[in-house]
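Numbering (my numbering), first residue to last: 1 to 208.
The C-beta atom is built at its ideal place from N, Cα and C for all residues, glycine as well.
Data block below; observations after.
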(Lines of atoms letter the chains of each structure in order from A; the text may use other names.)
(Lines give C-alpha, C1' and ligand atoms only; values in the text may rest on other atoms or scores of the structure.)
Protein backbone atom coordinates (compact mmCIF):
# COMPACT_ATOMS: atom_id res chain seq x y z
CA UNK A 1 0.00 0.00 0.00
CA UNK A 2 1.27 3.47 -0.86
CA UNK A 3 -1.08 5.03 1.72
CA UNK A 4 -3.03 3.56 4.60
CA UNK A 5 -4.91 5.28 7.38
CA UNK A 6 -6.63 3.70 10.36
CA UNK A 7 -8.57 4.91 13.37
CA UNK A 8 -8.39 8.58 12.38
CA UNK A 9 -10.46 11.15 14.22
CA UNK A 10 -10.36 14.86 14.88
CA UNK A 11 -12.02 16.96 17.56
CA UNK A 12 -13.74 20.30 17.13
CA UNK A 13 -15.21 22.38 19.98
CA UNK A 14 -18.69 20.92 19.48
CA UNK A 15 -18.06 17.52 17.91
CA UNK A 16 -15.60 14.76 17.10
CA UNK A 17 -15.42 13.32 13.60
CA UNK A 18 -14.27 9.76 12.97
CA UNK A 19 -13.00 8.94 9.49
CA UNK A 20 -13.19 5.67 7.56
CA UNK A 21 -10.02 3.62 7.24
CA UNK A 22 -8.22 3.91 3.90
CA UNK A 23 -6.01 1.48 1.99
CA UNK A 24 -4.76 2.91 -1.29
CA UNK A 25 -2.42 1.21 -3.75
CA UNK A 26 0.24 2.88 -5.87
CA UNK A 27 -1.18 4.52 -9.00
CA UNK A 28 -4.84 4.32 -7.94
CA UNK A 29 -7.26 7.24 -8.22
CA UNK A 30 -9.63 7.77 -5.28
CA UNK A 31 -12.44 10.23 -4.56
CA UNK A 32 -13.60 11.19 -1.07
CA UNK A 33 -16.92 13.00 -1.29
CA UNK A 34 -18.88 14.69 1.46
CA UNK A 35 -20.99 17.71 2.28
CA UNK A 36 -19.59 20.91 3.75
CA UNK A 37 -18.69 20.36 7.39
CA UNK A 38 -18.09 16.63 6.97
CA UNK A 39 -14.39 17.06 7.74
CA UNK A 40 -13.08 16.09 4.32
CA UNK A 41 -10.55 18.94 4.11
CA UNK A 42 -9.34 18.09 7.61
CA UNK A 43 -8.93 14.47 6.49
CA UNK A 44 -6.85 15.57 3.50
CA UNK A 45 -4.67 17.73 5.74
CA UNK A 46 -4.17 14.80 8.11
CA UNK A 47 -3.20 12.50 5.24
CA UNK A 48 -0.73 15.15 4.09
CA UNK A 49 0.83 15.52 7.53
CA UNK A 50 -0.35 19.12 7.86
CA UNK A 51 -2.85 18.46 10.66
CA UNK A 52 -2.35 16.18 13.67
CA UNK A 53 -5.30 13.83 14.28
CA UNK A 54 -6.77 13.18 17.72
CA UNK A 55 -6.41 9.44 17.16
CA UNK A 56 -5.11 7.09 14.50
CA UNK A 57 -2.13 6.82 12.21
CA UNK A 58 -1.16 7.42 8.60
CA UNK A 59 1.39 5.29 6.76
CA UNK A 60 2.88 6.51 3.48
CA UNK A 61 5.23 4.03 1.82
CA UNK A 62 5.24 2.23 5.20
CA UNK A 63 6.44 5.36 7.01
CA UNK A 64 4.36 6.44 10.00
CA UNK A 65 4.34 10.15 9.18
CA UNK A 66 3.34 11.34 12.65
CA UNK A 67 6.30 9.54 14.20
CA UNK A 68 8.64 11.88 12.29
CA UNK A 69 10.13 15.04 13.75
CA UNK A 70 8.84 18.25 12.17
CA UNK A 71 11.94 18.84 10.03
CA UNK A 72 11.87 15.24 8.82
CA UNK A 73 8.14 15.43 8.14
CA UNK A 74 8.58 18.64 6.11
CA UNK A 75 11.28 16.96 4.02
CA UNK A 76 9.22 13.78 3.62
CA UNK A 77 6.19 15.81 2.53
CA UNK A 78 8.21 17.78 -0.03
CA UNK A 79 9.69 14.63 -1.55
CA UNK A 80 6.57 12.47 -1.62
CA UNK A 81 3.42 14.61 -1.73
CA UNK A 82 1.95 17.12 -4.13
CA UNK A 83 -0.88 19.40 -2.99
CA UNK A 84 -3.58 21.05 -5.11
CA UNK A 85 -5.62 23.41 -2.95
CA UNK A 86 -9.20 24.61 -3.36
CA UNK A 87 -8.05 28.22 -3.68
CA UNK A 88 -4.63 28.40 -5.33
CA UNK A 89 -2.33 30.84 -3.54
CA UNK A 90 0.22 32.69 -5.63
CA UNK A 91 2.58 35.63 -5.21
CA UNK A 92 0.88 38.30 -7.28
CA UNK A 93 4.06 40.27 -7.96
CA UNK A 94 5.68 37.26 -9.68
CA UNK A 95 4.87 35.80 -13.07
CA UNK A 96 3.59 32.26 -13.49
CA UNK A 97 6.97 30.58 -14.02
CA UNK A 98 8.55 32.36 -11.06
CA UNK A 99 5.62 31.29 -8.86
CA UNK A 100 6.23 27.67 -9.84
CA UNK A 101 9.96 27.89 -9.18
CA UNK A 102 9.43 29.77 -5.90
CA UNK A 103 7.38 26.87 -4.54
CA UNK A 104 10.32 24.55 -5.24
CA UNK A 105 12.77 26.94 -3.61
CA UNK A 106 10.63 27.29 -0.47
CA UNK A 107 10.36 23.51 -0.21
CA UNK A 108 14.14 23.17 -0.41
CA UNK A 109 13.94 21.28 -3.69
CA UNK A 110 16.17 21.71 -6.72
CA UNK A 111 15.23 24.10 -9.51
CA UNK A 112 13.01 22.36 -12.06
CA UNK A 113 12.58 25.08 -14.67
CA UNK A 114 12.63 22.67 -17.62
CA UNK A 115 10.09 20.39 -15.92
CA UNK A 116 7.87 23.39 -15.19
CA UNK A 117 7.96 24.50 -18.81
CA UNK A 118 7.21 20.96 -20.00
CA UNK A 119 4.23 20.58 -17.65
CA UNK A 120 2.88 24.01 -18.60
CA UNK A 121 2.94 22.88 -22.21
CA UNK A 122 1.03 19.71 -21.32
CA UNK A 123 -1.74 21.74 -19.66
CA UNK A 124 -1.88 24.11 -22.63
CA UNK A 125 -0.43 27.15 -20.87
CA UNK A 126 3.08 27.40 -22.29
CA UNK A 127 2.12 30.85 -23.62
CA UNK A 128 1.36 32.02 -20.05
CA UNK A 129 4.78 31.42 -18.47
CA UNK A 130 5.58 35.13 -18.27
CA UNK A 131 2.03 36.26 -17.52
CA UNK A 132 1.03 37.79 -14.22
CA UNK A 133 -1.28 35.71 -12.06
CA UNK A 134 -3.94 38.44 -12.29
CA UNK A 135 -4.10 37.89 -16.06
CA UNK A 136 -5.25 34.28 -15.70
CA UNK A 137 -8.81 32.96 -15.62
CA UNK A 138 -9.93 30.77 -12.71
CA UNK A 139 -9.57 27.67 -14.87
CA UNK A 140 -6.05 28.70 -15.87
CA UNK A 141 -5.09 29.32 -12.25
CA UNK A 142 -6.27 25.84 -11.36
CA UNK A 143 -4.18 24.35 -14.17
CA UNK A 144 -1.12 26.23 -12.88
CA UNK A 145 -1.92 24.84 -9.43
CA UNK A 146 -1.95 21.33 -10.91
CA UNK A 147 1.47 21.94 -12.46
CA UNK A 148 2.77 23.13 -9.10
CA UNK A 149 1.40 20.03 -7.39
CA UNK A 150 3.09 17.74 -9.91
CA UNK A 151 6.40 19.56 -10.25
CA UNK A 152 8.27 17.53 -7.64
CA UNK A 153 7.09 14.24 -9.24
CA UNK A 154 5.18 13.22 -6.09
CA UNK A 155 4.20 9.69 -5.23
CA UNK A 156 0.81 10.94 -4.04
CA UNK A 157 -1.26 13.92 -5.25
CA UNK A 158 -3.71 15.32 -2.69
CA UNK A 159 -6.34 17.64 -4.16
CA UNK A 160 -8.86 19.68 -2.15
CA UNK A 161 -11.99 20.75 -4.06
CA UNK A 162 -10.11 21.29 -7.35
CA UNK A 163 -13.31 21.89 -9.35
CA UNK A 164 -15.56 23.80 -6.96
CA UNK A 165 -15.11 27.18 -8.69
CA UNK A 166 -15.28 25.84 -12.26
CA UNK A 167 -18.06 25.50 -14.81
CA UNK A 168 -18.92 22.08 -16.23
CA UNK A 169 -16.55 22.29 -19.18
CA UNK A 170 -13.60 23.49 -17.09
CA UNK A 171 -14.45 20.90 -14.42
CA UNK A 172 -14.16 18.03 -16.88
CA UNK A 173 -10.98 19.47 -18.40
CA UNK A 174 -9.30 19.80 -15.00
CA UNK A 175 -10.20 16.24 -13.93
CA UNK A 176 -8.99 14.88 -17.27
CA UNK A 177 -5.70 16.76 -16.83
CA UNK A 178 -5.22 15.56 -13.27
CA UNK A 179 -5.92 11.91 -14.01
CA UNK A 180 -3.87 11.85 -17.22
CA UNK A 181 -0.86 13.59 -15.67
CA UNK A 182 -1.06 11.37 -12.58
CA UNK A 183 -1.00 8.34 -14.86
CA UNK A 184 2.02 9.70 -16.74
CA UNK A 185 4.12 9.91 -13.58
CA UNK A 186 2.53 6.81 -11.98
CA UNK A 187 1.30 8.88 -9.05
CA UNK A 188 -1.57 8.04 -6.73
CA UNK A 189 -4.37 10.61 -6.91
CA UNK A 190 -6.69 11.40 -4.00
CA UNK A 191 -9.37 14.08 -4.39
CA UNK A 192 -11.70 15.33 -1.66
CA UNK A 193 -14.76 17.28 -2.75
CA UNK A 194 -18.43 18.06 -2.28
CA UNK A 195 -18.78 18.35 -6.09
CA UNK A 196 -21.29 15.68 -7.08
CA UNK A 197 -20.28 16.09 -10.74
CA UNK A 198 -17.19 14.01 -9.96
CA UNK A 199 -18.99 11.07 -8.40
CA UNK A 200 -19.30 9.04 -11.60
CA UNK A 201 -15.76 9.83 -12.73
CA UNK A 202 -14.13 7.61 -10.08
CA UNK A 203 -14.72 3.92 -9.49
CA UNK A 204 -12.94 4.09 -6.14
CA UNK A 205 -14.78 6.50 -3.89
CA UNK A 206 -15.66 6.95 -0.24
CA UNK A 207 -18.53 9.04 1.10
CA UNK A 208 -18.14 10.73 4.47
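Item                                                                                                                        : Value
C-alpha gap between residue 148 and residue 72, whole angstroms                                                             : 22 Å
Ranges of the alpha helix (DSSP H) found wholly within the stretch 127-207, counting only runs of at least 4                : 138-150, 168-184
Residue 123 - DSSP class collapsed to helix/strand/coil                                                                     : coil
Collapsed DSSP secondary structure at residue 85 in the structure displayed                                                 : coil
Residue 210 in three-state terms, based on DSSP                                                                             : Residue coverage of the chain in this structure runs from 1 to 208, which leaves residue 210 outside it and unanswerable.
Buried/exposed call for residue 77, threshold 16 Cβ in 10 Å                                                                 : buried
Start and end residues, alpha helix (DSSP H) containing residue 229                                                         : Only positions 1 to 208 of the chain appear in the structure, and residue 229 is not among them; the question remains open.
Which listed residue (158, 19, 115, 79) has its alpha carbon closest to that of residue 38                                  : 19
CA nearest to the CA of residue 85, picked from 23, 6, 57, 157                                                              : 157
Beta-bridge partners of residue 98, as assigned by DSSP                                                                     : Note: residue 98 sits in no beta bridge, so no partner.
Residues of its chain near residue 54, where Cβ-Cβ distance is below 8 Å and the 5 sequence neighbours each way are ignored : 9, 10, 11, 16
At least three beta-carbon pairs within less than 8 Å, the stretch 94-103 to the stretch 59-71                              : no
CA nearest to the CA of residue 116, picked from 153, 195, 160                                                              : 153
N- and C-terminal bounds of the beta strand (DSSP E) containing residue 91                                                  : Element bounds for residue 91: n/a, residue is neither H nor E.
Own chain, CB closer than 7 Å to residue 201, minus 5 neighbours either side, in chain order                                : 175
Inter-residue Cα distance where the pair is residue 203 and residue 163                                                     : 18 Å
Cβ-Cβ separation, residue 143 to residue 177 (assumed contact under 8 Å), whole Å                                           : 7 Å
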